[in-house]
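Going line by line, the protein sequences match chains D and C.
Counting in this note's numbering, the first sequence runs from 1 upward without gaps.
Counting in this note's numbering, the second sequence runs from 114 upward without gaps.
Ideal Cβ placement from N, Cα and C applies to all residues, glycine included.
Bear in mind the structure is a predicted one, so any value in this text is a computation, not a measurement.
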Amino acid sequence: AQSVTQLDSQVPVFEEAPVELRCNYSSSVSVYLFWYVQYPNQGLQLLLKYLSGSTLVKGINGFEAEFNKSQTSFHLRKPSVHISDTAEYFCAVRGGGAQKLVFGQGTRLTINP
Amino acid sequence: NAGVTQTPKFRILKIGQSMTLQCTQDMNHNYMYWYRQDPGMGLKLIYYSVGAGITDKGEVPNGYNVSRSTTEDFPLRLELAAPSQTSVYFCASSYLSGGPNEQYFGPGTRLTVT
Numbered sequence: 001a002q003s004v005t006q007l008d009s010q011v012p013v014f015e016e017a018p019v020e021l022r023c024n025y026s027s028s029v030s031v032y033l034f035w036y037v038q039y040p041n042q043g044l045q046l047l048l049k050y051l052s053g054s055t056l057v058k059g060i061n062g063f064e065a066e067f068n069k070s071q072t073s074f075h076l077r078k079p080s081v082h083i084s085d086t087a088e089y090f091c092a093v094r095g096g097g098a099q100k101l102v103f104g105q106g107t108r109l110t111i112n113p
Numbered sequence: 114n115a116g117v118t119q120t121p122k123f124r125i126l127k128i129g130q131s132m133t134l135q136c137t138q139d140m141n142h143n144y145m146y147w148y149r150q151d152p153g154m155g156l157k158l159i160y161y162s163v164g165a166g167i168t169d170k171g172e173v174p175n176g177y178n179v180s181r182s183t184t185e186d187f188p189l190r191l192e193l194a195a196p197s198q199t200s201v202y203f204c205a206s207s208y209l210s211g212g213p214n215e216q217y218f219g220p221g222t223r224l225t226v227t
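Listed below in structure tokens is the structure:
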């Protein structure tokens, strides 16, 4: 079975500062990894996903994530955040043959001016 | 395309009442899902469906029922509402399941049971 741990429940940063949201997963099989974003009072929207190939994945809104198999991590990064990035971010994993997505607990990103 | 739509957006129920949360998708997706989101707990899968007429339990199915009579609709039924069912409910769909296929989410229904 797969599981996901998001190491920070809240991350406050200043506008234009870089940010990293951490995600670790456990799985005994090859995995597909996803980051979703939830803006206030909205549903979840896909930011990016890792399927195979290059370990650096670029997504929407300037976000990127790096898949590290040896450390079983899939951390999300942005070099310079904007107030509009204020949201909750969810990491999710799916094992190769599984149907279901397993979500982490979420990280609330707060941007201070 | 409207994508995944959910109604109502908000609802307050008294303990013991029943209600149906509606979910419709217009993307001709085979797979549909219901999740609940509790603060600090991420999303938990309640039920899912692999096609019209076929449903299966997720992690937290107790207290809920679903049906899938058409490809487009996947309603979630609460029969005897309890305070523990206070949550935000999300419906999602995907064309295929498994592997790299992403899920598309509706805007959610915020339910309070008092």
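Would you please verify whether the beta carbon of residue i is less than 7 Å from any beta carbon of chain C?
{"i": "GLY59/D", "result": "no"}
{"i": "PHE103/D", "result": "yes"}
{"i": "GLY106/D", "result": "yes"}
{"i": "GLY43/D", "result": "yes"}
{"i": "LYS69/D", "result": "no"}
{"i": "LEU109/D", "result": "no"}
{"i": "LYS116/D", "result": "The shown model of chain D, from 1 to 113, leaves out residue 116/D, and the question about it has no answer."}
{"i": "LEU56/D", "result": "no"}
{"i": "LEU48/D", "result": "no"}
Give the secondary structure of residue i by DSSP, where H, G and I count as helix, E and B as strand, and everything else as coil.
{"i": "ILE60/D", "result": "helix"}
{"i": "PRO196/C", "result": "helix"}
{"i": "ASN24/D", "result": "strand"}
{"i": "PRO12/D", "result": "strand"}
{"i": "ASP186/C", "result": "strand"}
{"i": "ILE111/D", "result": "strand"}
{"i": "LEU33/D", "result": "strand"}
Along the beta strand (DSSP E) that carries residue i, what are the first and last residues, could you check?
{"i": "ASP117/D", "result": "The displayed coordinates of chain D run from 1 to 113. Any statement about residue 117/D would go beyond what the structure contains."}
{"i": "GLY164/C", "result": "156-164"}
{"i": "LYS170/C", "result": "167-170"}
{"i": "LEU134/C", "result": "132-138"}
{"i": "VAL173/C", "result": "Segment: none, VAL173/C is in no beta strand (DSSP E) and carries neither H nor E."}
{"i": "LYS49/D", "result": "44-50"}
Could you confirm whether any beta carbon from chain D is found closer than 7 Å to the beta carbon of residue i?
{"i": "GLY221/C", "result": "yes"}
{"i": "GLU185/C", "result": "no"}
{"i": "LEU158/C", "result": "yes"}
{"i": "PHE123/C", "result": "no"}
{"i": "GLY155/C", "result": "yes"}
{"i": "PRO188/C", "result": "no"}
{"i": "GLU215/C", "result": "yes"}
When DSSP builds the beta bridges, which residues end up paired with residue i?
{"i": "ALA17/D", "result": "Note: ALA17/D sits in no beta bridge, so no partner."}
> Which residues, taken in chain order from the segment 8-32 of chain D, show a beta carbon closer than 7 Å to some beta carbon of chain B?
Replying inline: You won't find chain B in this structure, because its protein chains are D and C.
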